[in-house]
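*Asks:* Residue numbers (this note's numbering), protein chains in the order written: chain A, 14 to 329; chain B, 564 to 911; chain C, 8 to 355. Let me give you the structure first, and then I'll get to my questions.
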Amino acid sequence: MARFIIRRLIAMVFVMFAVSVLTFLIFNVIPNGDPAARMAGKNSTPQQIEAIRRDWGFDDPLYKQYFTTMKKVFTGDLLSYANRENVVDRIKDGAPRTFVLAIGAAFIWFISGVALGLFSAVKAGKVSDRVVTVLSLIGISMPVFWLGALMNYYLGYKLGLFPNGGYVTIADGGVFDWFYHLIMPWTALSVLFIGVYSRVVRSSVLDTINDDYVRTARAKGIGERRVMRNHVLRNSLIPVITLWGLDFGAVLGGGAILTETVFDIQGVGQYFQESITRLDVPPVLAVTLFGSFFIVLFNAIVDIVYAALDPRIRLS
Amino acid sequence: MTDKPLLDVEHLRVGFRTEEGVVQAVDDVTFQLHAGEVLAIVGESGSGKSVSALTLMGLTPKENAIFEGIARVGDIDVLTAREEQLRRLRGEEVAMIFQDPMTSLNPVQRIGAQIVEQILAHRDIPSAEAYDQTVELLERVGIPRARERIQSYPHEFSGGMRQRVMIAMALSCDPSVLIADEPTTALDVTIQAQILEVIKELRERTDAGVVLVTHDLGVVADIADRILVMYAGRVVEQGTLDEIFYDPQHPYTWGLLGSIARVDRPRPERLPSIPGMPPSLHDRPTGCHFRPRCRHEFAQCTQTPSLEARNPDSPAHTDRCWLSVEEKRAKREIAAGQIGLEAKGAIA
Amino acid sequence: MTTDPLTDYQAEAPVAFEELAEAEKERASGIGPWRLAWRRLRRNRTALAFGVLFLLLVAVALLAPVYADQVAHTTPERNRIADTLHIGGKEIEVVSFEGVPTGPTWHGQYFLGADGNGRDVMVRLLYGARNSLFIGIFASILTTFLAVTFGTLAGYFRGFVDAIISRALDVLWAFPVLLLGVALGVSLATGGLHIGPLTIENNSIWIPTLIIGVVNVVYLARPVRGQILSLREREFVEAARAQGAGNVRIMFGELLPNLMSTVLVFFPILVANAVLLEAALSFLGAGVQPPHPSWGTMISDGLRFIVSSPTQTIAPGLMLVLTVLSLNIFGEGVRDAFDPRARVRLER
């Protein structure tokens, strides 16, 4: 086990290194204008632009720029090209919001998805199953940003049921207001996943119900509730849990960029979005690293959990 | 046998409603199982043997099914019993082992726990005692180091061992009937022999009756007392081991016996097989279902033959073929590589 | 039977028996697996209906220029922000003095109203359909090509080749999908793509096509690799090798045909995801660039007017949902056609 963890940690470092190089290249190899000129602004003199170029090292060879930037990431010293603010600080401010959004949504969609999927499986073939299936398919087909925008407009603005976007910290507004502002973003983000998970759970449970060992369990004279719990659920939820781990990691790392933008959460994803429209490389790089860290981390966690849940899997 | 039968099946019919009408999976099956005997149900896929076995446990899916007749396990008719009665029967009065031990055990549960689960479903004893009983059971079926191995998972056992675990599990509550659905089909021949030993030993030690569902006549010859031959949902012949092997009455049985590779005969060019295929479930011929494949078909075969004992000397040996006893004896080919064992004793 | 809803599972099981009977019929008819899948698909009317709906959408998109010319008498870029038109007997200001675009006129011109720049929403909707569908379909073709190529190479040759490809896939996988897409989208939108002789203008719709095509490769490459890994161990590959077939022959002749069913099942879902991804990227400004319309950009543009003129946002969103839903339902149908989950359990 210890060896597995060490090996994964090393792999993680390599992968993140590759990610950082790739991101850096995307913005520096593809010609996109002069960052120094952009920083200097519209009515700048060539000397100002030159000065900026020297200060920020835009003249240096690419690999040197890369190393300098990376060093700054780790020392917390990274400054944005656009407004000179500290990137790492902004990420630290935005991260809790992204986390709250991700964690809340993840639990909502997991519980709802599993409940709906189970319901659907148990009622397989009947009308209620078809209704759930149709709703799930619609949920999967709905673009999150459109749904969010509509919710904001109709529920937030027109009907005034919910606040019109924005994020309120507990410190500022108390728990109730904080929660109140999160209901719509959580819902919008969850809808897609609930659709996906209800179908995955339904499919997994139906597969398991027809498995031989479930028949054996019934042949043993065990009560049906126990059969469902210990044999059907226990086995059918394993792939669902691993899937959830992967999705959770992806959303945690800023995958909720659309929801954040629509509801103005000011999280890490939105910071990325704002930065990229200005071609502001340092935040983009930092957020990308932030995101991929979580993806890779959760990949490893999921592998470990999977091996723990299913004795046939051995970590190799 | 005058003692009460463990299993009493009378004119059992199981049909399933499908888009194209009712499919009769089991069509008028009657048999009894007495204490201490092994009844083999022999047939190909689609013959209805597995559905019959599952129905005895009340495990046939009920929603589209039409049941007729009687299927009594002890005193309870499983066709009309309530679910709670069935639950108590299963594992306690009648236990079943299945064909594929690889998939028939829960892969994420330790085998000790799986056996204990069954014990505790029927007996009100402390868990530790159930575990002790489990260790004993595993030792009884020949699993070494049982005390350690109750913590193992199914995938850590070989196929033969897994089947032994299944047998141990089935026997855990001392059932009076053990139903074995193709228990050796998925195993090597050498392991097969071992499993059959375990079953034989069970018969010696207890009064349990065994229903052995199989398509393998070698297994049947080894262990069965009586045989039920099924074809296309119907019983086509029923008799004792000797009667079936030495004096088979139905052309299908002749075909089955004739297709066995024989060590005591010169090797034929090709292993004889019954020409044609069993009829599809939807599309069975009227009258005798075996008609299209039978060399001896004649006019009366368009009427469904009744299941009766046509030889007054063997009243318990029944078959479903209109041919008279003399005609059968004549037509039953006995030649090199073909059916018919050496005549035993007085049967001419 | 208890009425406990948790245990009311049996609806699925009898279906299995029907499918057994059905599967038997199909097997007996001797049709190959592709024709079989086609037949099953034909019977699934819901899936077919939505498949046809999708094709209709494609047709409508292709006819966009016709509509623009004949019905609306305008182009998607034509900005008549200051005009006042005579439509349906009324004088309508395309965009009012306060900057509020007109709502739906339900007539040929400005059928669904105007957007903030005075452009015809309906015309842009149809042209947006062209762009979004084009990108979705061609990106998926690119994804399929790349994924099959690299997945097959990795799975077949294993060793060093596999190591490199798998590491590359791991790195791609580690990128949060949207972040990667947006990064590439913005970057390429600014500078265009220049690789050797290949030059793509920075606002060509090939840019988002390329990006989405590449980004989605990971989702297909891994399953492909997995399937090749298991296929290559199968006997028919050994047989081909024994016949002297070289690697290329084996890959094209044996492995790829078997892979095709997997790919076919994935493809509609791939297109659905590509369309959604394109909408997301365009919404964020990293996809289709102005002045080309796309449903994503239309939603983004329309947000400002969601209070005064909600049609601008609702219409493209509805089209998106309809398109993706059709693809998803049709994709489900294709999957069921290839793998009907006929749990043949009752007879062996």
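Beta carbons: idealized from backbone N, C-alpha and C, even for Gly. Nothing here was measured: the structure is a model prediction, and the numbers come from that model.
Starting from residue 579(B), follow the beta strand (DSSP E) in both directions and report where the run begins and ends.
*Replies:* Element bounds for residue 579(B): 570–581.
*Asks:* What are the residues in the segment 233–249 of chain A lying within 9 angstroms of chain B by C-beta distance?
*Replies:* Those residues of the segment 233–249 of chain A that come within reach of chain B (Cβ to Cβ, closer than 9 angstroms) are 233, 234, 235, 236, 237, 239, 243, 244, 247, 248.
*Asks:* Given this structure, state the Cα-to-Cα distance separating residue 252(C) from residue 113(A), to the nearest angstrom.
*Replies:* Their backbone Cα atoms lie some 57 angstroms apart in a straight line.
*Asks:* Going by C-alpha to C-alpha distance, which of 275(A), 77(A), 211(A), 230(A) sits closest to residue 353(A)?
*Replies:* Nothing can be reported for residue 353(A), as the shown portion of chain A is limited to 14 through 329.
*Asks:* Quick check on residue 865(B): buried or exposed, where buried means 16 or more other Cβ atoms within 10 Å of its Cβ?
*Replies:* That one is exposed.
*Asks:* Starting from the beta carbon of residue 28(A), find every residue of chain C whose beta carbon is closer than 9 angstroms, and list them in chain order.
*Replies:* Within chain C, the residues near residue 28(A) are 174, 177, 178, 180, 181.
*Asks:* Using a Cβ cut-off of 8 angstroms, pull out every chain A residue sitting near residue 666(B), in sequence order please.
*Replies:* Correct list: 224, 225, 226.
*Asks:* Using a Cβ cut-off of 8 angstroms, pull out every chain B residue sitting near residue 323(A), in sequence order please.
*Replies:* Residues of chain B passing the Cβ test: 670, 671.
*Asks:* Residues of chain C with CB under 7 angstroms from residue 313(A), in chain order?
*Replies:* Result: empty, since nearest Cβ-Cβ is about 11 angstroms, beyond 7 angstroms.
*Asks:* In three-state terms, what does DSSP make of residue 56(C)?
*Replies:* Three-state DSSP puts residue 56(C) in a helix.
*Asks:* Could you tell me which chain B residues have their CB closer than 7 angstroms to the CB of residue 21(A), listed as they occur along the chain?
*Replies:* Chain B residues near residue 21(A): none, gap ~24 angstroms exceeds 7 angstroms.
*Asks:* Buried or exposed for residue 93(C), please, with buried defined as at least 16 other CB atoms from any protein chain shown within 10 angstroms of its CB.
*Replies:* Residue 93(C) is exposed by the Cβ-count criterion.
*Asks:* Quick check: the Cα distance between residue 205(A) and residue 16(A), rounded to an integer number of angstroms?
*Replies:* One C-alpha to the other measures close to 37 angstroms.
*Asks:* Does any CB atom of chain A fall closer than 7 angstroms to the CB of residue 653(B)?
*Replies:* True, the Cβ-Cβ gap to chain A drops below 7 angstroms.
*Asks:* Would a C-beta distance cut-off of 7 angstroms place residue 698(B) and residue 691(B) closer than the cut-off?
*Replies:* It is not a contact, given that the beta carbons lie outside the stated cut-off.
*Asks:* Look at the Cβ atom of residue 776(B), then the Cβ atom of residue 323(A), and state whether they are nearer than 7 angstroms.
*Replies:* Their beta carbons are not under 7 angstroms apart, which means residue 776(B) does not touch residue 323(A) by this criterion.
*Asks:* List the residues of chain A whose Cβ lies closer than 9 angstroms to the Cβ of residue 345(C), in chain order.
*Replies:* Those within 9 angstroms of residue 345(C) in chain A number zero; the least Cβ separation is about 15 angstroms.
*Asks:* Quick one: what's got a C-beta closer than 6 angstroms to residue 146(C)'s C-beta in the same chain, skipping five residues either side?
*Replies:* Answer for residue 146(C): 216, 219, 220, 281, listed in chain order.
*Asks:* Check whether the Cβ of residue 156(A) lies closer than 7 angstroms to any Cβ atom in chain C.
*Replies:* Taking Cβ atoms only, chain C reaches closer than 7 angstroms to residue 156(A), which makes this a yes.
*Asks:* Comparing C-alpha positions only, which one of 40(A), 266(A), 262(A), 218(A) sits nearest to residue 134(A)?
*Replies:* Checked all of 40(A), 266(A), 262(A), 218(A); the closest Cα to residue 134(A) is 218(A).
*Asks:* Just the C-alpha distance for residue 584(B) and residue 231(C), rounded to the nearest angstrom, thanks.
*Replies:* If you take the alpha carbons of residue 584(B) and residue 231(C), they lie about 41 angstroms apart.
*Asks:* Which residue's Cα is closest to the Cα of residue 593(B): 568(B), 758(B), 580(B), 582(B)?
*Replies:* That would be 568(B), whose Cα lies nearest to the Cα of residue 593(B).
*Asks:* Counting only Cβ pairs nearer than 8 angstroms, list the residues of chain B close to residue 327(A).
*Replies:* The premise fails here: residue 327(A) is roughly 10 angstroms from chain B at the closest Cβ pair, so nothing lies under 8 angstroms.
*Asks:* Distance check for residue 269(C) and residue 247(C), CA to CA, integer angstroms please.
*Replies:* One C-alpha to the other measures close to 22 angstroms.
*Asks:* How would you list, in chain order, the residues of chain C whose beta-carbon sits under 8 angstroms from the beta-carbon of residue 286(A)?
*Replies:* 189, 291, listed in chain order.
*Asks:* In angstroms with no decimal places, state the Cα-to-Cα distance between residue 265(C) and residue 141(C).
*Replies:* Approximately 28 angstroms between the Cα atoms of the pair.
*Asks:* Would you mind working out which of 715(B), 733(B), 686(B), 677(B) sits nearest residue 703(B), comparing C-alpha positions?
*Replies:* Per the Cα distances, 733(B).
*Asks:* Measuring CA to CA, which of 198(A), 151(A), 251(A), 266(A) is closest to residue 302(A)?
*Replies:* Answer by Cα proximity: 266(A).
*Asks:* Quick one: measure Cβ to Cβ for residue 636(B) and residue 619(B), integer angstroms, because I've assumed they're closer than 8 angstroms.
*Replies:* The pair is a contact, with the Cβ atoms about 6 angstroms apart (cut-off 8 angstroms).
*Asks:* Under 8 angstroms, CB to CB, which of the residues in the segment 133–147 of chain C have a partner in chain A?
*Replies:* Listed by position along the chain: nothing, the set is empty.
*Asks:* Measure the Cβ-Cβ separation of residue 628(B) and residue 790(B) and say whether it is below 7 angstroms.
*Replies:* Not in contact: residue 628(B) and residue 790(B) (Cβ atoms no closer than 7 angstroms).
*Asks:* Could you tell me whether the Cβ of residue 320(A) comes closer than 7 angstroms to any Cβ of chain C?
*Replies:* Answer no: the Cβ-Cβ gap between residue 320(A) and chain C never drops below 7 angstroms.
*Asks:* May I ask which residues mark the beginning and end of the beta strand (DSSP E) holding residue 97(C)?
*Replies:* Where residue 97(C) is concerned, the enclosing beta strand (DSSP E) stretches over 97–100.
*Asks:* Please name the residues in the segment 696–710 of chain B whose beta-carbon is closer than 9 angstroms to at least one beta-carbon of chain A, in chain order.
*Replies:* Residues passing the 9 angstroms Cβ filter: none.
*Asks:* Just grab the DSSP bridge partners of residue 91(C) for me.
*Replies:* Residue 91(C) pairs with 100(C).
*Asks:* For the candidate residues 101(A), 97(A), 96(A), whose alpha-carbon lies nearest to that of residue 84(A)?
*Replies:* Of the candidates 101(A), 97(A), 96(A), the one whose C-alpha sits nearest the C-alpha of residue 84(A) is 101(A).
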